[in-house]
Each structure stands twice: as C-alpha cells, then as structure tokens.
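I have placed the structure first, in the form of structure tokens, so that the comments after it can refer back to it.
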Amino acid sequence: MTINGTSVSADVEPRMLLVHFIRERAGLTGTNIGCDSSSCGACTIHLGGEAVKSCTVLAVQADDCDITTIEGLADGDTLHPMQQAFHECHALQCGYCTPGMVMAAVSLLDEVPDPTEADVREGLEGNLCRCTGYHNIVRAVLQAAGDQS
Amino acid sequence: MIPVAFDYELATSAEHALSLLAEHGDDAKVLAGGHSLIPLMKYRLATPAVVVDVGRLSDLSYVREDGDHLAIGALTRHRDVEVSDLVTANAALLAEATRNVGDPQVRHRGTIGGALAHGDPASDIPAAVLALRGTLVVQGPSGTREVAVDDFFTGFLETALAPDELLTEVRIPRVPDARWSFQKFNRRAQDWAIVGAAVLVAEGNCGVGLVNMDARPVRAVAVEAAVKSGASAADAAEAAPEGLEPPGDLNASPEYRCHLAQVLTRRGLEQAGR
Chain G
10 MTINGTSVSA DVEPRMLLVH FIRERAGLTG TNIGCDSSSC GACTIHLGGE
60 AVKSCTVLAV QADDCDITTI EGLADGDTLH PMQQAFHECH ALQCGYCTPG
110 MVMAAVSLLD EVPDPTEADV REGLEGNLCR CTGYHNIVRA VLQAAGDQS
Chain H
6 MIPVAFDYEL ATSAEHALSL LAEHGDDAKV LAGGHSLIPL MKYRLATPAV
56 VVDVGRLSDL SYVREDGDHL AIGALTRHRD VEVSDLVTAN AALLAEATRN
106 VGDPQVRHRG TIGGALAHGD PASDIPAAVL ALRGTLVVQG PSGTREVAVD
156 DFFTGFLETA LAPDELLTEV RIPRVPDARW SFQKFNRRAQ DWAIVGAAVL
206 VAEGNCGVGL VNMDARPVRA VAVEAAVKSG ASAADAAEAA PEGLEPPGDL
256 NASPEYRCHL AQVLTRRGLE QAGR
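Chains as they are written, first to last, in the numbering used here: chain G, 10 to 158; chain H, 6 to 279.
Listed below in structure tokens is the structure:
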C-alpha cells in the first residue's frame, strides 16, 4: 500500500489490523489506538481519501490502497490548515484524540466544504474527546472551513 | 483486540466468491465493508476459519432505476446510499435510515448488503427495508433467487442466506410520493438504537419496521393494519409491541422497549402525516 506517498510493502497475517500495520510496520505512531472497538475515532485515517477507523479494517483490505495518516497532512514545516486551526483555537487538551479528530475533520470538509456548527458536531460524532474539548474543536473546524473558502 | 487467525481469500468476481463459499461451506464468512463482522471477530464472538473478501467487487456497487423499483448493489457503501439523488427522490426513508447508521467513518466502509446479511435486529437498515417492502436478490450455486425481505430475517443474526449464497442486490419499490419518518432513540450520538421505528405511508398503504424489538428485525403488522383501517396515529401506535419479544439489557427492559416502540411509532406516524 502507499502511506503518505511512500510505498510500504510487507507480508502480514490476514488478521493484522490496519492500525497495527501503520504503527508497527510503517512505524507511524501518530495514529492512536483508543477504544479498539470502532467507537472513539482515535485511529481515524484516510483510506482512498475518506475517513475510516483503522482498528476496524484489516491490513489486507488496504492492500494496494492509498492511505494518509496524520503524519502526511503537513507540507514540510507548514501545518495543514486544519492542524493550524486546531493550534490557533487550542482545540486540544491531552491531545490523544487529536490525530483522529483532525483526520475526521479534513474528511468532513471534503464532503461538506461550508458546514454549519451543527454539521460539524454531527460530522464528528464518530470521534470522542474525554477532556470535553468539543467546543474549541468545533471552533477550529469552522475556522479552517472559513479559511478554505 | 485481535481476531483469531483465519485464512483470507480475496474474491475477484461474484462467481469466484461463490466457488470459494462452495469450497469452504460453513467454515467461511463473507467480508464486505467489515463493520459488523470485524468487531465480532475482534471480540472473538465470530471465529471463521476462512474469510472471503468481496469488498473489491466494484460491479456490485451501484444505485439505478429499474422499472418500478430501485436496484441497489449489495456492496454499495452507506455513504453512497446516503448521498444518492436516486435514493433520496424514490425512497427517502432509506436515505434517512442510512444517515443514522454509526458515524461518518463507519458509513464510508459499511455496505447495505452487509448490514442486511448480518441480520442484526439492532441495525437501522433492515427496519427501513422492511417498511419499504424490499426484495433481496441472492446468488447461489444453482442460480439467482429473489427473497422478500419479510422472509429474509429468520432469527438472531440469522437470515435465509445459505452458507454457499451471496446477497448481490437490494430492490426497493419506488415511492417518490410517500411520506415517511425514521425515529431512533439512543443515549449517545453514534450508538445503536435502543428502539427505532421506520414508518412509511403511501397511497393508503403503511409500512412500519422496528429496530431492536425482537430477536430479528420485524414489522409492526398490527400497527399497519390499524392504520389501513383508519385508526389515528395514537391508537395505531398502541399496537406497536403486539406479538413481539424485545430483549432486555443494560439500556432498557423489555417493558421500556415496548413503551418506546409505541412512542416512536406514534411520532413516526404523525410525522408521516397520519
């Protein structure tokens, strides 16, 4: 498969989950494992350009596919606009949910470029933040949407 | 959580999938989007020896008009159903039920066929397809057969699909003028419904599918009959739990589920113009 533009090749057991492949084989540990049961969204990545929970995809299902993880968003030292908005709005506390939140938010704006606050809250329903930081996360996504349009 | 080891077979066509299923029989499970099967495998509640992955059969992903019904390929992802203009124009109830499945990440992977073949009474999709009186197209070693959705769900996570058969298409009667409502009660945004009701009212006909009100996805036939004979929404909805045995769990007792079914069915009927 291709991860963040780099081809990654390995023989794996069919039961290996994509999130384990990304973290342990590709060595990209920005993608976190939270609930491990497709609830919390910490492991959200883009598969073929769409947000998915990588704890609920087998690595073999992503064979030959294009994957983007949180490490693939920035352009060198320049943060992706969504990362920049999270930074400016202080859209994190402990930061554990942040990679998944950012990936889900980028995918949301791809599908709904000019969202309302309700669109953002509903669009991030698959991502849990236990620091109760939703308020600033929603602000950040709305700011990034405004910057983009 | 890691699944028990299994052999993985990637199907390159529906025929190839059928030959793999014929070869492995009861030991095999079909993997589509994986958002019902993989969690069960991670919890080790499902331990198939062989997984037949049909996820790359892109020719089974489509929505098209076909005479008086919509034909939806079994591998059409929830997201594609949700945003399909054809589905919204001809079976808006299905689009709305699909929007209620899980969360965006889940809807990017999960498929309509997978949700139906899983046979989960807690799933939103079967209730909508029951209310809409859909038909399921099943391919097997001896050809293709059609199964009315009423005959499809046979028990808890059990369907009329034989181990060597593959669900290939879902047919939904076109009801562009129908009024409808999808009611879902849960405690957290992305959860399964504690109880849900899919309500369709069209040309004096009525369809009500219930979520989580029995061991299998069911229709509220007593409500449908009451509506047809002219009962008010409130009176008809009283009959929602009739003949059903809802489960009891940490979220709700069977009695509470019966109450919810009545309330949600009444709201659904009212919203659908009864």
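Yeah, the Cβ is synthetic: ideal placement off N, Cα and C, and Gly gets one too.
For residue i and residue j, I'd like the C-alpha separation in whole angstroms.
| i | j | result |
| --- | --- | --- |
| Met-10(G) | Gly-118(H) | 26 Å |
| Glu-101(H) | Leu-215(H) | 15 Å |
| Asp-12(H) | Leu-133(G) | 35 Å |
| Thr-149(H) | Val-142(H) | 7 Å |
| Glu-20(H) | Glu-14(H) | 13 Å |
| Ala-231(H) | Ala-94(G) | 55 Å |
| Ala-241(H) | Glu-70(H) | 33 Å |
| Ile-7(H) | Met-46(H) | 8 Å |
| Pro-131(H) | Leu-121(H) | 6 Å |
| Thr-52(H) | Pro-90(G) | 43 Å |
| Pro-146(H) | Asp-31(H) | 15 Å |
| Arg-184(H) | His-96(G) | 46 Å |
| Gly-212(H) | Leu-135(H) | 7 Å |
| Arg-49(H) | Leu-42(H) | 10 Å |
| Val-115(G) | Cys-44(G) | 22 Å |
| Pro-251(H) | Arg-221(H) | 9 Å |
| Val-223(H) | Gly-160(H) | 10 Å |
| Val-17(G) | Leu-82(G) | 18 Å |
| Ile-77(H) | Asp-58(H) | 19 Å |
| Ser-110(H) | Ala-127(G) | Reading the sequence as shown, one finds Gln at residue 110(H) and not Ser. Rounded to whole angstroms, Gln-110(H) to Ala-127(G) spans 18 Å at the Cα level. |
| Ala-97(H) | Ala-207(H) | 12 Å |
| Cys-64(G) | Asp-196(H) | 17 Å |
| Arg-148(G) | Ala-60(G) | 20 Å |
| Val-28(G) | Thr-40(G) | 7 Å |
| Leu-160(G) | Asp-129(H) | Given that chain G is displayed from residue 10 to residue 158, the structure contains no residue 160(G) and the question cannot be resolved. |
| Asp-155(H) | Ala-133(H) | 12 Å |
| Ile-54(G) | Arg-114(H) | 12 Å |
| Leu-99(H) | Arg-34(G) | 40 Å |
| Ala-313(H) | Val-121(G) | Here chain H comprises residues numbered 6 to 279, so residue 313(H) is not present and cannot be evaluated. |
| Glu-131(G) | Ser-46(G) | 20 Å |
So residue i is in the alpha helix (DSSP H); what residue range does that whole segment cover?
| i | result |
| --- | --- |
| Ala-110(H) | For the sequence presented, residue 110(H) should be read as Gln rather than Ala. 109-114 is the extent of the alpha helix (DSSP H) around Gln-110(H). |
| Phe-95(G) | 90-97 |
| Cys-119(G) | This sequence places Asp at residue 119(G); Cys is not what is there. Run containing Asp-119(G): 107-120, per the alpha helix (DSSP H) assignment. |
| Gly-132(G) | 126-132 |
| Leu-151(G) | 143-157 |
| Ile-43(H) | 42-47 |
| Ser-24(H) | 19-29 |
Please list the terminal residues of the continuous beta strand (DSSP E) segment that includes residue i.
| i | result |
| --- | --- |
| His-262(H) | A small fix is needed here, since residue 262(H) is Arg in this sequence, not His. Unbroken run through Arg-262(H) is the alpha helix (DSSP H), 259-276; no beta strand (DSSP E). |
| Val-152(H) | 148-153 |
| Tyr-13(H) | 12-15 |
| Val-175(H) | 171-178 |
| Gln-144(H) | 140-145 |
| Gly-36(G) | No beta strand (DSSP E) holds Gly-36(G); DSSP gives it neither H nor E. |
| Asn-160(H) | With the sequence shown as reference, residue 160(H) is identified as Gly, and Asn is not the correct amino acid for it. Start and end: 158-160. |
| Leu-36(H) | 33-36 |
>> Taking contact to mean 3 or more Cβ pairs, one atom from each stretch, closer than 8 Å, check whether the stretch 105-123 of chain G and the stretch 137-149 of chain G are in contact.
In response: yes
>> Short of 7 Å Cβ to Cβ, which residues in the stretch 165-191 of chain H face chain G?
In response: Those residues of the stretch 165-191 of chain H that come within reach of chain G (Cβ to Cβ, closer than 7 Å) do not exist; the list is empty.
> Which runs of the beta strand (DSSP E) spanning at least 3 residues fall entirely within the stretch 189-249 of chain H, listed in chain order?
Replying inline: 200-207, 210-216
> the stretch 23-38 of chain G: which residues have C-beta closer than 9 Å to a C-beta of chain H, in chain order?
Replying inline: Pro-23, Arg-24, Met-25, Leu-26, His-29
> Listed from N- to C-terminal order along the chain, which residues in the stretch 89-123 of chain H have their beta-carbon within a distance smaller than 8 Å of any beta-carbon of chain G?
Replying inline: Gly-107, Asp-108, Pro-109, Gln-110, Val-111, His-113, Arg-114
>> I'd like the ranges of any alpha helix (DSSP H) spanning at least 4 consecutive residues and lying wholly in the stretch 53-135 of chain H.
In response: 83-87, 90-95, 97-104, 109-114, 117-123
> For the stretch 73-97 of chain G, which residues have a CB atom closer than 9 Å to at least one CB atom of chain H, in sequence order?
Replying inline: none
> Along the chain, which unbroken stretches of the beta strand (DSSP E) at least 3 residues long are found entirely within the stretch 53-93 of chain G?
Replying inline: 53-56, 59-62, 75-77
> Between the stretch 133-144 of chain G and chain H, which residues of the former have a C-beta closer than 7 Å to a C-beta of the latter?
Replying inline: Glu-134, Gly-135
>> When you compare the stretch 182-198 of chain H with the stretch 156-170 of chain H, are there three or more beta-carbon pairs, one atom per stretch, that lie closer than 8 Å?
In response: no
> Using a Cβ cut-off of 8 Å, which residues of the stretch 55-82 of chain H contact any Cβ in chain G, in chain order?
Replying inline: From the stretch 55-82 of chain H, only Val-56, Asp-58, Gly-60 have a Cβ closer than 8 Å to chain G.
> Listed from N- to C-terminal order along the chain, which residues in the stretch 9-34 of chain H have their beta-carbon within a distance smaller than 8 Å of any beta-carbon of chain G?
Replying inline: Residues passing the 8 Å Cβ filter: Val-9, Ala-10, Phe-11, Asp-12, Tyr-13, Leu-15.
> Quick one, which residues of the stretch 198-214 of chain H are near chain G if we go by CB-CB under 9 Å, in chain order?
Replying inline: none
> Looking at chain H, which residues of the stretch 37-54 of chain G have a Cβ within less than 9 Å of any of its Cβ atoms?
Replying inline: Asp-45, Ser-46, Ser-47, Ser-48, Gly-50, Thr-53
> According to a CB-to-CB cut-off of less than 9 Å, which residues of the stretch 39-50 of chain H neighbour chain G?
Replying inline: Gly-39, His-40, Ile-43, Pro-44, Met-46, Lys-47, Tyr-48
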